[in-house]
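Quick notes on the structure that follows.
Number of protein chains: 2
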Amino acid sequence: MPRLPKSIENLINALSRLPGVGPRTSARFVFYLMSCPQEELENLAQNIKELKNNITTCTICGIFSETSPCKTCANPRRNHELICVIARPQDLEAIEKTQEYDGLYHILNGTINPLQGIGPSALRIKELEQRLKASPPQEIILALNPDMEGETTVLYLTKLLKPYNIKLSRLARGLPVGGELEYADEITISSALKGRKEI
Amino acid sequence: MPRLPKSIENLINALSRLPGVGPRTSARFVFYLMSCPQEELENLAQNIKELKNNITTCTICGIFSETSPCKTCANPRRNHELICVIARPQDLEAIEKTQEYDGLYHILNGTINPLQGIGPSALRIKELEQRLKASPPQEIILALNPDMEGETTVLYLTKLLKPYNIKLSRLARGLPVGGELEYADEITISSALKGRKEI
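Chains as they are written, first to last, in the working numbering: chain A, 584 to 782; chain B, 584 to 782.
Next comes the structure, spelled out in structure tokens:
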């Protein structure tokens with residue numbers, strides 16, 4: 584079998600380690616890169632090499648940031664009485680896009696997942712407790728994914744944080760806007776029924 | 584809105600140029616890379632930078648190769664009377680994996696796609712004609728995707744290559760192995776009916 588040049592194979596192997604990327608997608612990426620001018624490849628290589636330069640994690644919320652505390656945690660115009668607990672940095676972006684939230688964040692760096700061996704101690708839960716002890720907020724919003732791991736984590740945190748006597752809340756469940764009743768699963772519909780609002 | 588550090592944003596932008604990758608997938612890639620050790624990032628950067636080093640395209644078949652002619656075209660043990668015309672280098676891999684083909688290849692570098700402004704002159708069709716004139720094979724297999732663009736290209740090539748009096752063939756159409764009749768589309772089923780084989 585005619586083998587691909589070594590440098591192409593190496594990059595296909597390297598890129599197939601990206602989340603959700605298998606060898607075929609990776610090959611597509613590499614053949615695309617083959618068609619790019621060398622300058623673009625060098626820029627990309629530079630970007631990757633310098634990705635973590637000058638980046639630290641905020642000691643308070645745990646987000647990647649150029650400063651610690653990060654701009655959000657250091658911003659006096661944000662509501663410091665409100666902490667939104669999220670699993671991953673991407674979730675912060677998603678919530679900020681709504682422009683409806685002006686509180687602080689706390690990033691767990693994942694959710695409890697026994698199958699993958701991720702227990703509470705692997706998450707930034709101790710840091711959350713320290714934070715609550717240092718300056719307890721009025722409310723904590725648990726904004727985790729409505730899936731098995733998210734639910735487990737919500738349950739765990741609810742028990743753990745009860746003694747702090749801080750208001751705990753979670754994101755509403757229901758039909759996604761633009762979604763169709765017909766295609767929604769039963770658990771979503773049942774959540775939407777339970778959480779129905781008077782008009 | 585708290586912005587992500589510049590280096591993260593830059594890489595998200597750069598990677599979202601990969602085929603089939605939008606800003607969200609790209610962000611997933613970048614956050615994954617953030618969790619990798621610096622050494623791995625530098626290796627990846629190196630791989631990308633050196634991707635096109637020592638790689639040329641075979642002047643005969645058009646595949647990426649360290650030598651020209653490539654190992655396949657230069658291999659006397661392969662059947663030089665058979666040329667398989669394919670759209671992209673990945674298709675070569677797919678065919679080689681069957682271990683059923685021992686002929687040569689010819690890569691078009693795409694298919695005719697008027698909507699994207701890709702006409703016959705953008706493809707390696709002239710090179711194919713030169714090749715046929717220099718040493719006509721016994722058979723040419725047009726192994727293009729069974730989609731609109733592939734069909735158009737097959738039609739174009741069939742007309743163009745007719746005067747050469749070389750046997751032209753195409754891959755069989757029918758139900759994919761492991762597929763289900765119930766879920767196959769009508770055109771596939773009708774192709775499978777037309778191409779039915781006596782048992």
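Idealized CB from N, CA, C, for every residue including glycine.
The structure presented is a predicted model; accordingly, all values stated were derived computationally and were not measured.
Those residues which DSSP pairs with residue i across a bridge
i, result
"B/F647", "B/T640"
"B/E622", "According to DSSP, which records beta bridges pairwise, B/E622 is partnered with nothing at all."
"A/S774", "For A/S774, which the question treats as bridged, DSSP gives no partner whatsoever."
"A/K750", "A/E722"
Start and end residues, beta strand (DSSP E) containing residue i
i, result
"B/K742", "Counting along the chain, B/K742 falls outside any beta strand (DSSP E), though it belongs to the alpha helix (DSSP H) covering M731 to L744."
Beta-carbon gap between residue i and residue j smaller than 9 Å
i, j, result
"B/A717", "B/N692", "no"
"B/A775", "B/L758", "yes"
"A/K635", "B/M617", "yes"
"A/I646", "A/I690", "yes"
"B/L743", "B/E734", "no"
"B/S590", "A/N637", "yes"
"A/Y739", "A/I695", "yes"
"B/R660", "B/D685", "yes"
"B/P720", "B/L665", "yes"
"A/A610", "B/A628", "no"
"A/V668", "A/L587", "no"
"A/Q621", "B/F614", "no"
"B/L751", "B/T741", "yes"
"B/N593", "A/N593", "no"
"B/Y688", "B/T650", "no"
"B/K632", "A/E625", "yes"
Span of the alpha helix (DSSP H) around residue i
i, result
"A/V613", "P606 to M617"
"B/A597", "K589 to L598"
Closer than 9 Å at the beta carbon, the chain A residues around residue i
i, result
"B/M617", "L634, K635, I638, F647 and P672"
"B/L738", "Within 9 Å Cβ-Cβ: nothing; B/L738 doesn't reach chain A, min ~25 Å."
"B/L665", "In chain order: nothing, as chain A lies at least about 15 Å away."
Closer than 7 Å at the beta carbon, the chain B residues around residue i
i, result
"A/L601", "F612 and Y615"
"A/L627", "A597 and I631"
"A/L687", "None at all; the shortest Cβ gap to chain B is about 10 Å."
Within chain B, partners of residue i - CB distance below 8 Å
i, result
"A/S590", "N630, E633, L634, K635, N636, N637 and I638"
"A/Q713", "Within chain B, no residue comes near A/Q713; the closest Cβ sits about 22 Å away, beyond 8 Å."
"A/N728", "By Cβ distance, chain B contributes nothing, its closest Cβ being about 14 Å from A/N728, past 8 Å."
"A/L706", "Chain B residues near A/L706: none, gap ~14 Å exceeds 8 Å."
Proximal chain A residues relative to residue i, where beta-carbon distance stays under 8 Å
i, result
"B/Q621", "K635"
"B/N593", "N630"
"B/L624", "I631, K632, L634 and K635"
"B/L725", "Per Cβ cutoff of 8 Å: no residues; B/L725 is ~20 Å from chain A at best."
Closer than 9 Å at the beta carbon, the chain B residues around residue i
i, result
"A/L751", "Those do not exist, as A/L751 stays about 24 Å from chain B at its closest Cβ, beyond 9 Å."
Interface partners of residue i on chain A, CB under 7 Å
i, result
"B/E691", "One detail in the question is off: residue 691 of chain B reads as Leu in this sequence, not Glu. Going along chain A, no residue has its Cβ under 7 Å from B/L691, so there is no contact; the nearest lies around 14 Å."
Q | Secondary structure, beta strand (DSSP E): runs of 3+ residues fully inside the segment 652-716 of chain B | A | The DSSP assignment places 662-669 and 686-690 as complete runs of the beta strand (DSSP E) inside the segment 652-716 of chain B, in order along the chain (cut-off: 3 residues).
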